[in-house]
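I have placed the structure first, in the form of structure tokens, so that the comments after it can refer back to it.
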Amino acid sequence: MKAETLAALQDARAKRRAVALATRLSDAAEALVYRDDAKGELAGDAAIVSAAHRAMDIGKSETVDIGGAKIFLNVYVPPPRLIIVGAVHIAQSLAPMATMLEFDVTVVDPRGAWATTQRFPGVKVIKDWADEAFQEMGLDVSTAVVTLTHDPKLDDPALESALKSDVFYVGALGSKRTHAKRKERLSEVGITDEMFARIHGPVGLNIGAKSPAEIAVSILGQIIEVRARRLEALSAPKVAAA
Amino acid sequence: MSDALEVLDQVGRWKADGKGVAVATVIVTWGSSPRPVGSQLGVDDAGNMVGSVSGGCIEGAVVKEALDAIKDGKPRLLDFGVTDEQAWDVGLACGGKVQVFVEKVN
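If you read the sequences in order, they're chains A and B. For the first sequence, this note's numbering gives the first residue as 1, with consecutive numbering after it. For the second sequence, this note's numbering gives the first residue as 1001, with consecutive numbering after it.
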């Protein structure tokens, strides 16, 4: 491994940029493969770059055989991220539980009395409107967004931004009735039925959750399920249409 | 994944201090092996380690190869498994097989 490669891997992590390091095992020749770029001695090999993209999609490091050469693809994807909109009671259970599950957790709420690091020790807290915070953070395919405020002023802009991005999960707290009204409001800002259908609402698995901690478990159960199914689908061998 | 990056952080510090450094990476596993593909062990020229490529059963042998790789600059592909005499010697009794790639950081 080259010292520059090491530095590039560290830089990619700091920027939450997914990267795969391809190494030819016979001579340690390398390529750093990003979603939109590739660098290094092996970067010109389209088969290696394409195999690296697939490995990044499923988030799994593996050794592959390309043109008779053994290539190890070491995938460095950013950890999944959970953005919680609303520094409310449920968030106080959800944030530490998600941290235990190795999510990179951020709580967003413009209300100063709620969005304090005292209420949320050990996680990032952003005192801002969600849509503005999202712009700063950049929503990506390894991000989940959950809205918990019950207040359309706070939840709606967050949902609108999340649905216009490629986050892997969007959940919104609120009853079926609240959810139906939400649909009407969001349709006015260009959210189609198909886009709206991506929202998990009422949020969480139906396990009869009542307390904030139980609701947090039901939400995380659903996020784990959605993420696992997505990764399963991506790693399944592609079957040619008959 | 964060494990692997912590290893690379330490490797980077060793390198910045002017030490000879090698990285060992689990590249294939069969059966029940204790550490997944992509797990890494960093080794400096004094034999200091960071990270792991097994539950501790093969690290000794890997460090020895890593020190040789630091000296001659050549990458190495190591096989450990229950069918392998050497693996029994170093104690990979966990029932799995692993292949480890060792390379110098240049």
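Each residue gets a CB set at the ideal place from its N, CA and C atoms; glycine is no exception.
Look at the segment 14 to 46 of chain A and you find these whole runs of beta strand (DSSP E), each 3 residues long or longer: 19 to 24 and 30 to 34.
At least 7 Å separates the CB of N206/A from every CB of chain B. R182/A sits in a helix when the DSSP states are folded into three classes.
At a Cβ-Cβ threshold of 7 Å, A1022/B and V1053/B do not count as neighbours. Between A115/A and A95/A a beta carbon distance of about 12 Å is seen, past the 8 Å cut, so the two are scored as non-contacting. Take G1073/B, set aside five residues on each side of it, and the residues of its chain with a beta-carbon closer than 8 Å to its own are K1104 and N1106, in chain order.
Close partners of A3/A in chain B (Cβ separation under 7 Å): K1015, V1105 and N1106. For secondary structure counted as the alpha helix (DSSP H) over 4 or more consecutive residues, the segment 33 to 119 of chain A holds these complete runs in sequence order: 46 to 58 and 89 to 100. DSSP lists V85/A and A172/A as the bridge partner or partners of T147/A. Taken atom to atom, the span from the alpha-carbon of A216/A to that of V105/A is near 13 Å.
For G1051/B, the uninterrupted beta strand (DSSP E) segment begins and ends at M1049 to G1051. Interface residue (Cβ-Cβ distance to chain A less than 7 Å): P1075/B is classified as such. Inter-residue distance for P1075/B and A29/A is about 10 Å (C-alpha atoms, whole angstroms). Residue burial is scored here from C-beta neighbours: W1014/B has at least 16 other C-beta atoms within 10 angstroms and is therefore classed as buried. Taking a cut-off of 8 Å for Cβ pairs, the segment 177 to 196 of chain A and the segment 149 to 167 of chain A touch, as three or more such pairs fall below it. Contact check between the segment 53 to 73 of chain A and the segment 17 to 35 of chain A: three or more CB pairs, one atom from each, fall below 8 Å, which counts as touching.
Between L173/A and V203/A, the CB-CB gap stays under 7 Å. DSSP, reduced to helix, strand and coil, places E132/A within a helical segment of the structure shown.
For F1101/B, the nearest CB of chain A lies under 7 Å from its own CB, placing it at the interface with that chain.
The C-beta separation of R35/A from I71/A comes to about 18 Å, leaving the pair out of contact by the 8 Å criterion. Interface annotation, L1078/B: not in contact with chain A, CB-CB separation never under 7 Å. For V1023/B, the residues of chain A that pass the 8 Å Cβ criterion are M1, in the order they occur in the chain.
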